[in-house]
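Q: Structure below; questions to follow.
In our numbering, the protein residues as written are 41 to 199.
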């Protein structure tokens with residue numbers, strides 16, 4: 041019986057939809073919060089755990105998935121008198137998620153605002169001017185979201 045779900049890949053076990061494939065990695069709230077902490081400069085397990093208040097088994101599972109899928113990489117470090125441990129760092133794929141986190145923050149600030157205002161403001165490092173996340177065309181011009189459509193690629197249209 042057809043489910044309406046489209047599959048792709050050599051073994052037909054991978055969703056054709058790139059949003060669904062992304063959510064397989066990032067769709068659990070702790071994954072995005074872990075990434076927020078790494079973007080903030082927290083690279084050690086204990087620091088991430090302390091900041092988030094997450095159970096160690098949940099954090100271990102999230103970090104393992106993010107490393108296995110190439111979002112984070114590990115580096116070994118050892119503090120005096122302790123066993124070697126892993127620190128967690130963004131890969132190029134992980135760094136690309138900065139805009140995703142910023143878009144989520146922007147949405148939350150607009151649609152779920154705190155009475156005290158945003159917890160952070162996105163600014164241009166060199167000028168301090170506030171910025172927002174948006175669609176930009178090939179010429180660098182911002183395009184209103186109402187003017188953007190999701191056009192199926194030729195590959196997706198054939199599946």
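Glycine included, each C-beta is placed from N, C-alpha and C at the ideal position.
Touching or not, the region 142–149 and the region 115–123, by the rule of three or more beta carbon pairs under 8 Å?
A: Taking 8 Å as the limit for Cβ pairs, the verdict is that the region 115–123 does not touch the region 142–149.
Q: Taking the straight line between their C-alpha atoms, what separation do you get for residue 79 and residue 138?
A: Roughly 8 Å separates the two Cα atoms.
Q: Could you give the first and the last residue of the continuous beta strand (DSSP E) run that contains residue 125?
A: Taken as a continuous stretch (DSSP letters only), the beta strand (DSSP E) holding residue 125 covers 125–130.
Q: Identify the continuous beta strand (DSSP E) that holds residue 113 and give its terminal residues.
A: Where residue 113 is concerned, the enclosing beta strand (DSSP E) stretches over 112–117.
Q: Is the Cβ-Cβ distance between residue 134 and residue 75 less than 9 Å?
A: Yes. Within cutoff.
Q: If you compare alpha carbons, which of 93, 64 and 62 is closest to residue 77?
A: Of 93, 64 and 62, the residue nearest in Cα terms is 93.
Q: What residue range is occupied by the uninterrupted alpha helix (DSSP H) comprising residue 104?
A: Unbroken alpha helix (DSSP H) run through residue 104: 96–108.
Q: According to the Cβ coordinates, are residue 72 and residue 140 closer than 9 Å?
A: Yes.
Q: Can you have a look at residue 50 and say buried or exposed, based on whether 16 or more other CB atoms are within 10 angstroms of its CB?
A: Reliability of the predicted coordinates at residue 50 is poor, the pLDDT of 47 falling under 50, and no value is obtained from them.
Q: If you measure between the beta carbons of residue 82 and residue 91, is that distance less than 9 Å?
A: Yes. Within cutoff.
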